[in-house]
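Novice:
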Ligand SMILES: [Zn+2]
């Protein structure tokens, strides 16, 4: 997420006052040790501790991703070795190679001549990494969905307790991991009637430069874009909410409603502070909205009160809840699949 620091201090300051006035601030989650436990369906037991028989139609498919799989990606992307993934640095180059390998392994094609889309609006060498899975339907494949997240972060910063690497686990290794796992799902299953573009953006932290560059080029090339789904800061769960994710620009389209239809659940809600602080304009969805005028939103679980390490060295993997992330990704897969395969374009601007 991209915010000028002065602006952020204002936001957090204001929210702190609001939060302290009404409810106790929760700063740490004692249960955020990476575990698969909360992604697994509990096994029903009979009266003697024996496994109860379940009617066949209720047996659900095993979850696609897990806390372990999510953790493996997160541990690499947010490791000290990548030095905070500053755009144009050696550290982000390692992240770019990791993403390319993930795409290749999972049968995802390069969208351009290679996976790399070189930014024309940044002084150092910087690349969006862009994968593609063509739709299976002869007509619907002419419509495109961009699924994106920025994979850069701010690099190194002023030391805090001797740590100067801003690892960017929540911001935005978490969104990157969600996109990579969804890409793996569709790469393995090829269950998308519309065509999917998986975009990992660079230089978001420099002012949304990667997505600005890509949206402009795609518009000029005449891309038939249906919807843009962006993922940011989903590493820590929302607390005391009746939904598990919010989208920015909630009222601009019916995406929340359609997402909930496919989730079979109240998965997506409205976070008033997201609107108050203009988050719709602070991530990579925004330039797609500006260029194409189609529904373009960011899915997020950061609400200013559930995470205290925004753009700080403390944004580490140890602060992330891998079970939460796996759950969110597993719930989002049928949403993306439903939107991708619906016979008509049901996500519309309001
Ligand atoms: Zn950020």
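Numbering (this note's numbering), first residue to last: 3 to 352.
All residues carry an ideal CB built from backbone N, CA and C; glycine is no exception.
#1: Entirely within the stretch 111-144 and at least 3 residues each: give me those beta strand (DSSP E) ranges in chain order.
#2: Anyone know if the C-beta pair for residue 290 and residue 227 falls short of 8 Å?
#3: Along the chain, where does the alpha helix (DSSP H) containing residue 325 start, and where does it finish?
#4: From residue 165 to residue 105, what does the alpha carbon distance come to, in whole angstroms?
#5: Could you tell me the boundaries of the alpha helix (DSSP H) in which residue 274 lies?
#6: Leaving aside the five residues before and after residue 144 along the sequence, list all residues of the same chain whose C-beta is less than 7 Å from its C-beta, in chain order.
#7: Under the three-state reduction of DSSP, which class applies to residue 53: helix, strand or coil?
#8: Go through the stretch 280-322 residue by residue and report every complete run of the alpha helix (DSSP H) that reaches 4 residues or more, in order.
#9: Among residues of its own chain, excluding the 5 on either side of residue 167, which ones have a beta-carbon nearer than 7 Å to its beta-carbon?
#10: Three-state secondary structure (DSSP) at residue 155?
#11: With DSSP as the reference, please indicate the residues paired to residue 232 in a beta bridge.
#12: As a quick exercise: from 322, 111, 274, 339, pick the residue whose alpha carbon is nearest that of residue 173.
#13: Measure the CB-CB distance between residue 217 and residue 293 and report whether it falls below 8 Å.
#14: Can you tell me whether residue 297 is buried or exposed, with buried defined as 16 or more other CB within 10 angstroms of its CB?
#15: Nearest to residue 333 by alpha carbon, out of 261, 256, 163?
#16: Using DSSP's beta-bridge definition, name the partner residues of residue 270.
Specialist: Looking at the atomic coordinates:
#1: 118-120, 129-135
#2: For the purposes of this step, residue 290 is identified with residue 288 of the chain shown, where counting begins at 1. For the purposes of this step, residue 227 is identified with residue 225 of the chain shown, where counting begins at 1. In contact: residue 290 and residue 227 (Cβ atoms closer than 8 Å).
#3: Residue 325 sits at position 323 when you count from the first residue of the chain shown. Residue 325 -> alpha helix (DSSP H) spans 324-343.
#4: By one-based count along the chain shown, residue 165 stands at place 163. By one-based count along the chain shown, residue 105 stands at place 103. So the two alpha carbons sit approximately 32 Å from each other.
#5: Stepping through the chain shown from its first residue, residue 274 is reached at position 272. 274-278 is the span of the alpha helix (DSSP H), which, as asked, contains residue 274.
#6: As a first step, residue 144 is located in the chain shown; it is residue number 142 there, counting from the start. 226.
#7: Working through the chain shown from its first residue, we reach residue 53 at position 51. Caution applies to residue 53, whose pLDDT of 49 falls short of 50 and renders its modelled position unreliable; the model cannot decide the point.
#8: 288-294
#9: Here residue 167 refers to the residue found at position 165 of the chain shown. These residues qualify, in order along the chain: 82, 85, 86, 158, 315.
#10: Start at 1 with the first residue of the chain shown, and residue 155 comes out as number 153. Strand at residue 155.
#11: Along the chain shown, one-based indexing puts residue 232 at 230. Residue 232 pairs with 150, 300.
#12: Taking the chain shown and counting its residues from 1, the one referred to as residue 173 is at position 171. The candidate whose alpha carbon is nearest that of residue 173 is 322.
#13: As a working note, residue 217 is residue 215 in the chain shown. As a working note, residue 293 is residue 291 in the chain shown. Cβ distance < 8 Å, so residue 217 and residue 293 count as in contact.
#14: Taking the chain shown and counting its residues from 1, one reaches residue 297 at position 295. Counting Cβ neighbours within 10 Å, residue 297 comes out buried, since at least 16 surround it.
#15: Numbered from 1 along the chain shown, position 331 holds the residue referred to as residue 333. For residue 333, the nearest C-alpha among the options comes from 261.
#16: As a working note, residue 270 is residue 268 in the chain shown. Looking at the DSSP assignment, residue 270 forms a beta bridge with 247.
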